[in-house]
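These notes are about the structure you will find just below.
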Amino acid sequence: MSGKYRPLEDFMKKTPRHVTNLTLSLEQIELIIGAGLPRSAYRYRQWWANQKKNTKRPHAKAWMGAGFKVDKVNFSGGFVKFTRTLGLFGLTA
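Per our numbering, numbering of the sequence shown is gapless, rising by one per residue and ending at 144.
What follows is the structure, given as structure tokens:
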């Protein structure tokens, strides 16, 4: 993967395998990617949908390519909780 969300994928891939949940603030995600998130990321749960095959969702491809899925979005708290989809032995969690 290349593009704006590649740093997020790289960051998540470096997360130790025993870490099954990863919570990042929206500001942390912006720091990781080195750019601002679109307004829709701050307003719409659909932006955070786990749709790997949709070519219009490179952000979803980033976290899913790293073996995570979005579990929870908290707009008032400004954070996203990701859950690892592959366990320690490569099995779907």
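For every residue, glycine included, the Cβ atom is placed at its ideal position computed from N, Cα and C. Computed from a predicted structure; not experimentally measured.
Note that the C-beta distance between N72 and T134 is below 7 Å. Using a Cβ distance threshold of 7 Å, M63 and A117 count as a contacting pair.
Taken in chain order, the complete alpha helix (DSSP H) segments of 4 or more residues contained in the segment 94 to 124 are 109 to 116. For L75, the secondary structure class from DSSP, reduced to helix, strand or coil, is strand.
Per DSSP, the continuous beta strand (DSSP E) segment holding K132 begins and ends at 130 to 135.
Under the three-state reduction of DSSP, A92 is assigned to helix. In the structure shown, R57 falls within a helical segment according to DSSP collapsed to helix, strand and coil. Counting the other CB atoms within 10 Å of its CB gives V70 a total below 16, which places it among the exposed residues.
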